[in-house]
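Going by full-length UniProt numbering, the residue at position 67 of the sequence shown is 67; the numbering climbs one at a time, nothing skipped.
We treat Cβ as the ideally placed atom computed from N, Cα and C, and that holds for glycine.
Only a predicted model underlies this, so the values are computations on that prediction, with no experimental measurement involved.
Structure, as structure tokens:
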Amino acid sequence: MRIALYQPDMAGNVGAIFRLGACLGVGVDVIEPTGFTWSEKALARSGMDYAELVEVRRHVDWEAFVATVPGRIVLLSTRGGVRIDAAAFRADDVLLMGSEGSGVPDAVHDQADLAVRIPLVEGMRSLNIAVAAGIALSEALRQTGGWPT
């Protein structure tokens with residue numbers, strides 16, 4: 001299982017997701033371009049020393065990323081058709097998160113094998129991307145028996 005970030009806007013969120021991946025033994029894919037200048041210093045602020053402990057794969061664009069995906073692409077989206085508590089995850093899923101400002105374009109949304117949403121209280125737009133990644137990864141690891149021992 002992996003987390004993929006589609007053109008993320010904020011280094012702080014990427015660093016937090018790197019920390020999540022390091023702590024739970026899950027690699028992170030970053031689909032460029034990013035909305036910030038990539039630097040160890042920018043990512044280390046929120047990822048602390050965990051950022052260097054996660055397997056990170058950077059992809060120059062969407063097509064380069066798709067070419068590396070062995071399993072399903074599971075998109076987390078406010079437009080997802082399946083509630084997270086009804087989704088069936090697989091151990092080789094890649095959990096795709098859209099950019100903080102704009103999500104993913106329709107063409108990317110349409111290529112996802114499964115589009116999942118986290119139900120929110122009426123009137124709320126969305127969760128922080130790192131929080132959503134943690135919720136989705138937790139449920140996926142629970143279902144697949146993938147929690148670290």
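Strand pairing of residue i, partner residues [DSSP]
{"i": "T31", "result": "One point to set straight first is that residue 31 is Ile, not Thr, in the sequence displayed. Y6 and H59."}
Residue from the options whose Cα sits closest to the Cα of residue i
{"i": "V30", "options": "V108, S126, Q143 and M97", "result": "M97"}
{"i": "D49", "options": "I3, I17, R79 and A115", "result": "I17"}
{"i": "G35", "options": "A64, I135, S138 and G103", "result": "G103"}
{"i": "I84", "options": "E139, E63, G12 and M10", "result": "E139"}
{"i": "residue 157", "options": "V121, E122, V108 and A86", "result": "Any answer about residue 157 is impossible in this case: the structure gives the chain only from 1 up to 149."}
{"i": "residue 194", "options": "E55, A4, M10 and I118", "result": "Here the chain comprises residues numbered 1 to 149, so residue 194 is not present and cannot be evaluated."}
{"i": "Q143", "options": "C23, G80 and F89", "result": "F89"}
Contact check, residue i vs residue j, beta carbons under 8 Å
{"i": "V28", "j": "G21", "result": "yes"}
{"i": "S99", "j": "P8", "result": "yes"}
Supposed close pair residue i, residue j - CB separation, criterion 8 Å
{"i": "G25", "j": "P148", "result": "5 Å"}
{"i": "L120", "j": "V82", "result": "Actually they do not touch by this definition, with Cβ atoms about 15 Å apart."}
{"i": "V74", "j": "A132", "result": "Not a contact, Cβ separation roughly 12 Å."}
> What alpha helix (DSSP H) runs, 4 residues minimum, are completely inside the segment 49–93?
Replying inline: The DSSP assignment places 62–66 as complete runs of the alpha helix (DSSP H) inside the segment 49–93, in order along the chain (cut-off: 4 residues).
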